[in-house]
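Residue 83 is where the sequence shown ends in our numbering, and the numbering goes up by one at each step.
Encoded as structure tokens, the structure appears first; notes follow it.
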Amino acid sequence: MINIEVEKNSNESNTSILRRFTKKVQGSGVLPRVRSIRYSGRKLSPYKVKMARLSSLSKKAEIENLIKMGKITEKGGQSKRK
């Protein structure tokens, strides 16, 4: 964790202190790092990865089976029933 401190000089206005603080924050690189990890989720456990992969494989096999039987078209939409 990076702590950024700015102390007020004798003849300095609040605006100039804020400006100095903003420049220090930008120079430290804190904001880009925080923004890059803002929406990233945590890493899934190996079990969760395995179960998700097995689920997708079973869905894929089911779709291939339905295509072979002619119940759905290859484009993913259902064929018209007669």
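C-beta: ideal position from N, C-alpha, C; glycine also.
Just so you know, these numbers come straight off a predicted model, no measurement behind them.
Beta-carbon gap between LYS9 and ILE3 smaller than 7 Å: By 1-based counting over the sequence shown, the position of residue 9 is 8. By 1-based counting over the sequence shown, the position of residue 3 is 2. No; because the gap between Cβ atoms is not below 7 Å, this pair is not in contact.
Beta-carbon contacts of ILE68 that lie in its chain and below 8 Å, excluding the five residues immediately before and after: Position 67 of the sequence shown, counted from the first residue, corresponds to residue 68. THR74, GLU75.
Contact test: ARG39 Cβ vs the ligand COA heavy atom, cutoff 6 Å: Absence of the ligand COA from the depicted structure is noted, as is the absence of any ligand whatsoever, leaving it without description.
Opening and closing residue of the alpha helix (DSSP H) in which ARG36 lies: The sequence position of residue 36 within the sequence shown is 35, counting from 1. Per DSSP, ARG36 belongs to the alpha helix (DSSP H) from 31–37.
Alpha-carbon to alpha-carbon, LYS44 and VAL50: Residue mapping note: residue 50 aligns to position 49 of the sequence shown, counting from 1. Residue mapping note: residue 44 aligns to position 43 of the sequence shown, counting from 1. So the alpha carbons of these two residues sit roughly 10 Å apart.
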